[in-house]
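Here the structure is laid out as structure tokens; the discussion comes afterwards.
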Amino acid sequence: MQKYGGTSVGSVERIKSVAARVAATQRPGQGLIVVVSAMAGETNRLVSLAQQMAEVPDERECDVLLASGEQVSAALLALAIRALGRRARSFLAHQVRIETDSAFGKARIKSVDASKVKESLREGEIVVVAGFQGVDEKGNITTLGRGGSDTSAVAVAAALQAKVCEIYTDVEGVFTTDPNICPDATKLDRISYDEMLEMASMGAKVLQIRSVELAKKFGVPVHVRSSFTDREGTWVVEEEKGMDSVLVAGVTCEKNEAKITILQVPDRPGLAAQIFSPISEANIVVDMIIQNASADGTTDLTFTVPRPDHKKTLAVVEQIAADIQAKGIRSDRHIAKVSIVGAGMRTHAGVAATMFQVLAREGINIEMISTSEIKISVVIQEKYAELAVRVLHDAFMGKQVNS
Ligand code: ADP
Ligand code: ASP
Ligand code: MG
Numbered sequence: 019m020q021k022y023g024g025t026s027v028g029s030v031e032r033i034k035s036v037a038a039r040v041a042a043t044q045r046p047g048q049g050l051i052v053v054v055s056a057m058a059g060e061t062n063r064l065v066s067l068a069q070q071m072a073e074v075p076d077e078r079e080c081d082v083l084l085a086s087g088e089q090v091s092a093a094l095l096a097l098a099i100r101a102l103g104r105r106a107r108s109f110l111a112h113q114v115r116i117e118t119d120s121a122f123g124k125a126r127i128k129s130v131d132a133s134k135v136k137e138s139l140r141e142g143e144i145v146v147v148a149g150f151q152g153v154d155e156k157g158n159i160t161t162l163g164r165g166g167s168d169t170s171a172v173a174v175a176a177a178l179q180a181k182v183c184e185i186y187t188d189v190e191g192v193f194t195t196d197p198n199i200c201p202d203a204t205k206l207d208r209i210s211y212d213e214m215l216e217m218a219s220m221g222a223k224v225l226q227i228r229s230v231e232l233a234k235k236f237g238v239p240v241h242v243r244s245s246f247t248d249r250e251g252t253w254v255v256e257e258e259k260g261m262d263s264v265l266v267a268g269v270t271c272e273k274n275e276a277k278i279t280i281l282q283v284p285d286r287p288g289l290a291a292q293i294f295s296p297i298s299e300a301n302i303v304v305d306m307i308i309q310n311a312s313a314d315g316t317t318d319l320t321f322t323v324p325r326p327d328h329k330k331t332l333a334v335v336e337q338i339a340a341d342i343q344a345k346g347i348r349s350d351r352h353i354a355k356v357s358i359v360g361a362g363m364r365t366h367a368g369v370a371a372t373m374f375q376v377l378a379r380e381g382i383n384i385e386m387i388s389t390s391e392i393k394i395s396v397v398i399q400e401k402y403a404e405l406a407v408r409v410l411h412d413a414f415m416g417k418q419v420n421s
């Protein structure tokens, strides 16, 4: 299984060079499946077209539109492989039958029917599958959320029990932080599923979160590597002995969230449920939540949501705030969540304190904090995001501890 991202299929020349790589790596007796993203910039272009039609465009129709990007690149790649004298056939998600739920724009894969793909492989064809798309029970076209082609690739790899799922992208693997933000970032040779899951959840968009979840669940080895070189990239695999000696595996940054505070929420049982149930019913995924200690019978409640859902959330929350007689609502779109991730934090004290000191030295104010066993995240003002990533990378990557 090979998956090529947007930059890798971003032009006619690049699609031709992907075709050449695909042809060169095909081994007799071994099936090869290729999943492709839309050409670089195409999905953004389609999103902006939809936005020009309506302020809140219909989600079903958006998915019909967005899925077209991958239809184009899948067909072009199949054409390019055939032009090299190899046999290739493209499949859209509904032809494979990658079935998802009906959550348009962020659908989750429920099942992959591998029979058509297997038939095509048996006939000696290279199978090219359009990433990012699915089909729901009723036959509606769905899409899997931004970066979703990674998930298509892992899901198809799991269904076919592929030996490896190679993710070809525009960087040489998974780095200690985004190499486009921090030039000192170094490539990791291996990273555990759990660490990769945290890095992806915290904004390292090199792999979509859901793809890592599926890879872990089905034990698919993932190899993230560059489509521009032959060098080994990063293996995402089960945690191994010795791996957890790394204190911090990476620093990540997520700018695609917005923060909402409900002021002076009455401090009574059931109110959190009253606030968050309608938000989840609106299919909005809340990320961080903090509630202050109660003072004079009320508490402030702050949480973050994906930035594209900001307006939709405010509409829901305004209604609730009125119902529960909260004092008001504040919100801020210009935030960033910066995190440090590493399995070694399980056994090392003082990581959080160091992180806070490093940020304090730069005069960066921390607005929210959240921790798990293997990560610490802080919400700060967006304008400090790159600076925070660089100073944290400096502080932690310079002193890897071996326990
Ligand atoms: P593709 O189009 O191939 O799917 P993406 O743009 O989705 O590529 O993901 C690759 C990008 O992820 C890189 O160009 C890089 O800027 C970004 N990135 C963020 N964090 C990391 C990280 N820790 N390691 C590698 N890349 C990262
Ligand atoms: N084309 C989609 C996107 O830009 C899916 C992907 O590239 O993985 O998000
Ligand atoms: Mg991607």
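Taking the numbering used here, the leading residue of the sequence shown gets 19, the next gets one more, and so forth.
C-beta: ideal position from N, C-alpha, C; glycine also.
Note that the structure is a prediction, hence the values are computed from the model and not measured.
Cβ pair E155, E117 closer than 8 Å: On the sequence shown, position 137 is the one that residue 155 refers to. On the sequence shown, position 99 is the one that residue 117 refers to. Contact: yes.
Residue environment, D262, which counts as buried when at least 16 other CB atoms sit within 10 Å: Against the sequence shown, residue 262 aligns to sequence position 244. Because the pLDDT at D262 is just 49, under 50, the model does not fix this residue reliably, and the point stays unresolved.
Reduced DSSP category for C271 - H, G, I as helix; E, B as strand; rest coil: Locating residue 271 in the sequence shown gives position 253, counting from the first residue. If DSSP states are grouped into helix, strand and coil, C271 belongs with the strands.
Run of the alpha helix (DSSP H) containing T252, from where it starts to where it stops: One-based indexing of the sequence shown puts residue 252 at position 234. Counted as a single uninterrupted DSSP element, the stretch harbouring T252 is not any alpha helix (DSSP H) but the beta strand (DSSP E) occupying residues T252 to V255.
7 Å Cβ shell around R100 - same chain, five flanking residues per side excluded: The residue labelled residue 100 in the question sits at position 82 within the sequence shown. If we look at R100 and ignore the five residues flanking it on each side, its Cβ neighbours are A106.
is_contact[E60, chain D] using C-beta, thresh 8 Å: Structure shown: chain D not included; a single protein chain is present.
Check: G360 C-beta below 7 Å from any heavy atom of the ligand ADP: As a working mapping, residue 360 is identified with position 342 in the sequence shown. Distances taken from the Cβ of G360 to the heavy atoms of the ligand ADP include none shorter than 7 Å.
Proximal residues to E404 (C-beta, below 6 Å), its chain only, five neighbours per side dropped: On the sequence shown, position 386 is the one that residue 404 refers to. Excluding residues within five positions, the ones whose Cβ falls inside 6 Å are I199.
Proximity test, S55 beta-carbon vs the ligand ASP heavy atom, cut-off 7 Å: The residue you call residue 55 lines up with position 37 of the sequence shown. The answer is yes for S55.
Any non-hydrogen atom of the ligand MG closer than 7 Å to D168 Cβ: As a working mapping, residue 168 is identified with position 150 in the sequence shown. Yes, the ligand MG has a heavy atom inside 7 Å of this Cβ.
Best match in T25, E299, R351 and A339 for proximity to Q399 [C-alpha to C-alpha]: Here residue 399 refers to the residue found at position 381 of the sequence shown. The residue among T25, E299, R351 and A339 with its C-alpha nearest the C-alpha of Q399 is R351.
Pair within 8 Å by beta-carbon distance, I33 and V40: For this step, residue 33 is matched to residue 15 along the sequence shown. For this step, residue 40 is matched to residue 22 along the sequence shown. The criterion of a C-beta distance shorter than 8 Å is not satisfied by I33 and V40.
Among N62, L281 and E137, nearest to A311 - alpha-carbon criterion: Walking along the sequence shown from the start, residue 311 turns up at place 293. The option with the nearest alpha carbon to A311 is L281.
G87 in three-state terms, based on DSSP: Start at 1 with the first residue of the sequence shown, and residue 87 comes out as number 69. In the displayed model, G87 falls within a helix according to three-state DSSP.
Between the CA atoms of R208 and R115 - distance to the nearest angstrom: Locating residue 115 in the sequence shown gives position 97, where the first residue counts as 1. Locating residue 208 in the sequence shown gives position 190, where the first residue counts as 1. One alpha carbon belongs to R115, the other to R208, and they sit about 32 Å apart.
Member of K124, S120 and A111 whose CA lies at the smallest distance from the CA of A132: By 1-based counting over the sequence shown, the position of residue 132 is 114. Relative to the Cα of A132, the nearest Cα in the group K124, S120 and A111 belongs to A111.
Any non-hydrogen atom of the ligand HEM within 7 Å of R286 CB: Of the ligands this structure carries, namely the ligand ADP, the ligand ASP and the ligand MG, none is the ligand HEM.
Local conformation of L377 per DSSP, three classes: The residue given as residue 377 occupies position 359 in the sequence shown. Residue state, collapsed to three classes: helix.
Own chain residues within Cβ distance below 6 Å of L178, not counting five before or after: Working through the sequence shown from its first residue, we reach residue 178 at position 160. Cβ neighbours of L178 beyond the five flanking positions: A132.
Straight-line Cα distance separating A173 from R228: For the purposes of this step, residue 228 is taken as residue 210 along the sequence shown, with counting starting at 1. For the purposes of this step, residue 173 is taken as residue 155 along the sequence shown, with counting starting at 1. Rounded to the nearest angstrom, the two C-alpha atoms are 10 Å apart.
Cα-Cα separation between A148 and V90, rounded to whole angstroms: Taking the sequence shown and counting its residues from 1, one reaches residue 148 at position 130. Taking the sequence shown and counting its residues from 1, one reaches residue 90 at position 72. Straight-line Cα distance between these residues: approximately 8 Å.
Contact check, M19 vs V135, beta carbons under 8 Å: By one-based count along the sequence shown, residue 19 stands at place 1. By one-based count along the sequence shown, residue 135 stands at place 117. A distance of 8 Å or more separates the beta carbons of M19 and V135.
Host alpha helix (DSSP H) of I338 (start-end): Mapped onto the sequence shown, residue 338 falls at position 320. Run containing I338: H328 to D341, per the alpha helix (DSSP H) assignment.
heavy atom of the ligand ADP below 7 Å from M386 C-beta: Looking up residue 386 in the sequence shown gives position 368. False, no ligand heavy atom lies under 7 Å from that Cβ.
Nearest-angstrom Cα separation, counted from V356 out to I387: As a working note, residue 387 is residue 369 in the sequence shown. As a working note, residue 356 is residue 338 in the sequence shown. Near 10 Å, if we compare the C-alpha coordinates of V356 and I387.
Segments of 4+ residues assigned as alpha helix (DSSP H) that fall wholly inside the region 29–80: The region 29–80 is shown to contain whole alpha helix (DSSP H) runs of 4 or more residues at 30–43 and 60–71, in chain order.
Where I353 falls: helix, strand or coil (DSSP): Here residue 353 is taken as the residue at index 335 of the sequence shown, counted from 1. In the structure shown, the three-state DSSP call for I353 is strand.
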